[in-house]
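Numbering (this note's numbering), first residue to last: 135 to 642.
As structure tokens, this is what we get:
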């Protein structure tokens, strides 16, 4: 072959190799050497998880394709791992890490009981949501708001019940008066804050660590949401602080609400308009999407199977006739409680990774519900069966496969709205099968000391909403008798937002 052929080939490219400079050659060789060295390092580096079986294979190529499949078929992969390695710990590849999965009750108990400085829930959340950048470092270092939710909010549910019912009635009637505590823009900013945190998290995950504080401050809208909310909360906070300064914490006609309890427990540095607004928004962030997704899943089941309406109506009317619309009444609505619990079992809710799911024109936030009890290993950890978990590992419990295990829940693939009510009837109304209760076999709310602290308030909220709906409306799916299929995105099970539910005011 003549030299002219080579010349012709070089000129057919969009760049030229003739007469390369010595500098260019050395740069090219250096970059190639670095690339080859890194590739060799990745290939030859000992796999710290080699002793843990992998779903889909542990090789680079097989793990890559399994991770891609995981985005839209996570339930299938979790089920496959659960079926094959039910009594063992196994792993599934995610896009940037291995997810370690446990499923045996004793392993879940070990995960629950592990010290926070070894397997940390808080560090898991901070490392996936970038809380310290988006909500402020003190949200992570001083979690007094969690104690407020766990203690004062839960203890005062009876006091708050009338306000809760009033809000539910207003929401169902679609009337939001311009009165204190029900400003449309303030309600909207809570939703905007939730969306902003989610979008910002997706941006920060691709940002170098040293740039994250700057990006969080200047290239996200979180601070704008806080400032907007502060316009409404600021005057209320200042008025209450003035009364505290004049009369002390127990001033006359002090409201029994979340803001009052936060102001009681906050340090002087934390009792500012901005800091208190940030706390309230962060608590609403944890509640808005979880409650809305749970209620939507439940609504779809009820609309697809409206034969559940009449027995629930009879129970609700009977209980209200005796107890009125009260917190005590909610505890006696066993069929209602069971319907919500079964929806959680069937669809999940979980408290794991949060991410943004683009569903034009919305950006929908949803927690992972295929797994629960997710922890970040701050130190090496070894389970009693000898399975070694190296520092830096994300480890979770297999919620979705556990909740669909035929041995634990017979006929588990069928939605049975009164499953738990029937169990309670058989066991003498034992409270272990209530909506809010957790166990190694029921981990929708997590389990142990890090189980959702707001689940008691959420339970009363969801029960009140469902009771109001059942008493006042007839509902059905537009496509009668057919529940829309859920959307599986990574570890989330989302309700189909394109579905239509038909409502009619109940004819009495």
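Just so you know, even glycine gets a beta-carbon here, dropped at the ideal spot from N, CA and C. Quick caveat: nothing in here was measured; it's all calculated off a predicted structure.
Which residues mark the beginning and the end of the beta strand (DSSP E) in which residue 628 is found?
Residue 628 -> beta strand (DSSP E) spans 626-628.
So for residue 515, helix, strand or coil by DSSP?
In this structure, residue 515 counts as strand in the three-state DSSP scheme.
In whole angstroms, what is the alpha-carbon distance linking residue 366 and residue 372?
Looking at the two C-alpha atoms, the distance is approximately 11 Å.
Please state whether DSSP places residue 574 in a helix, a strand or coil.
Of the three classes helix, strand and coil, the one that applies to residue 574 here is coil, per DSSP.
Which residue marks the beginning of the alpha helix (DSSP H) containing residue 608, and which one marks its end?
From DSSP, residue 608 is part of no alpha helix (DSSP H) but of the beta strand (DSSP E) over 607-611.
If you draw a straight line from the C-alpha of residue 647 to the C-alpha of residue 388, how long is it?
Not covered by the structure: residue 647. The range shown for the chain is 135 to 642.
Using DSSP with H/G/I as helix, E/B as strand and the rest coil, what is residue 269?
Residue 269: coil per DSSP, three-state reduction.
How do the segment 249-256 and the segment 508-523 stand: do at least 3 beta-carbon pairs fall below 8 Å, yes or no?
The answer is yes - the segment 508-523 touches the segment 249-256, with three or more Cβ pairs under 8 Å.
Would you check if the distance between the CB atom of residue 582 and the CB atom of residue 238 is smaller than 7 Å?
No.
Measure the Cβ-Cβ separation of residue 227 and residue 184 and say whether it is below 7 Å.
In this structure, residue 184 does not lie closer than 7 Å to residue 227 by Cβ.
With respect to the alpha helix (DSSP H) encompassing residue 392, which residues constitute its N-terminal and C-terminal limits?
Start and end: 392-399.
Spatial neighbours of residue 593 within its chain, please: C-beta separation below 7 Å, excluding the five flanking residues on both sides.
The residues are 569 and 570.
Under 7 Å between the Cβ atoms of residue 432 and residue 483?
Contact flag unset, no.
For a test of the three-state rule: what should DSSP assign to residue 184, helix, strand or coil?
Note: residue 184 maps to coil in three-state DSSP.
Looking at C-alpha atoms only, which residue of 249, 219, 201 and 213 is the closest neighbour of residue 515?
For the residues 249, 219, 201 and 213, the minimum Cα distance to residue 515 belongs to 249.
With the cut-off set at 7 Å, would you say residue 295 and residue 415 are in Cβ contact?
For residue 295 and residue 415, no; Cβs fall outside 7 Å.
Within 10 angstroms of its Cβ, does residue 573 collect 16 or more other Cβ (buried), or is it exposed?
It is exposed - the Cβ of residue 573 has fewer than 16 other Cβ atoms within 10 Å.
Whole-angstrom Cβ separation of residue 627 and residue 481, contact assumed at under 8 Å?
The Cβ separation is near 5 Å, so the contact holds.
Consult DSSP for residue 422 and reduce its assignment to one of helix, strand or coil.
Helix, per DSSP.
Does any CB atom of chain D fall closer than 7 Å to the CB of residue 237?
Chain labels in this structure do not include chain D; a single protein chain is all it has.
In three-state DSSP terms, what is residue 443?
It is helical.
If we count the other Cβ atoms within 10 Å of its Cβ and call it buried at 16 or more, is residue 191 buried or exposed?
Looking at its Cβ environment, which holds fewer than 16 other Cβ atoms inside 10 Å, residue 191 is exposed.
Apart from the five residues on each side of it in sequence, which residues of its chain come closer than 6 Å, Cβ to Cβ, to residue 232?
Same-chain partners within the cutoff: 183 and 225.
When the distance is taken between beta carbons, is residue 469 closer than 7 Å to residue 552?
Yes, these two residues count as a Cβ contact at 7 Å.
Just confirm the distance between the C-beta atoms of residue 206 and residue 623, as a whole number of angstroms; I'd bet it's less than 8 Å.
The Cβ separation is near 7 Å, so the contact holds.
Closest to residue 298 by C-alpha separation, out of 579, 202 and 392, would be which residue?
That would be 392, whose Cα lies nearest to the Cα of residue 298.
Closest to residue 421 by C-alpha separation, out of 589, 442, 204 and 436, would be which residue?
Residue 589 is the option with its Cα nearest to residue 421.
Which value, in whole angstroms, describes the spacing of the CA atoms of residue 637 and residue 476?
Rounded to the nearest angstrom, the two C-alpha atoms are 23 Å apart.
Which residue's Cα is closest to the Cα of residue 251: 630, 526 and 348?
The shortest Cα separation from residue 251 among 630, 526 and 348 belongs to 526.
Taking the beta strand (DSSP E) that residue 84 belongs to, which residues open and close that run?
Because the chain here runs from 135 to 642, residue 84 falls outside it and cannot be looked at.
Taking the beta carbon of residue 441 as the centre, do at least 16 other beta carbons fall within 10 Å, making it buried, or is it exposed?
By the 10 Å Cβ count, residue 441 comes out exposed.
Counting Cβ pairs closer than 8 Å, one from the segment 324-338 and one from the segment 353-368, do we hit at least three?
The segment 324-338 vs the segment 353-368: in contact.
If residue 629 and residue 430 are in contact, beta carbons under 8 Å, what's the gap, nearest whole angstrom?
Right, the Cβ-Cβ distance comes to about 4 Å (below 8 Å), so this counts as a contact.
Measure the Cβ-Cβ separation of residue 208 and residue 578 and say whether it is below 7 Å.
Contact flag unset, no.
Closest to residue 647 by CA distance: which of 409, 243, 412 and 434 is it?
The structure shown does not extend to residue 647, since the chain is modelled only from 135 through 642, so no value can be given for it.
Using the three-state DSSP reduction, which class does residue 589 fall into: helix, strand or coil?
Residue 589 falls in the helix class under three-state DSSP.
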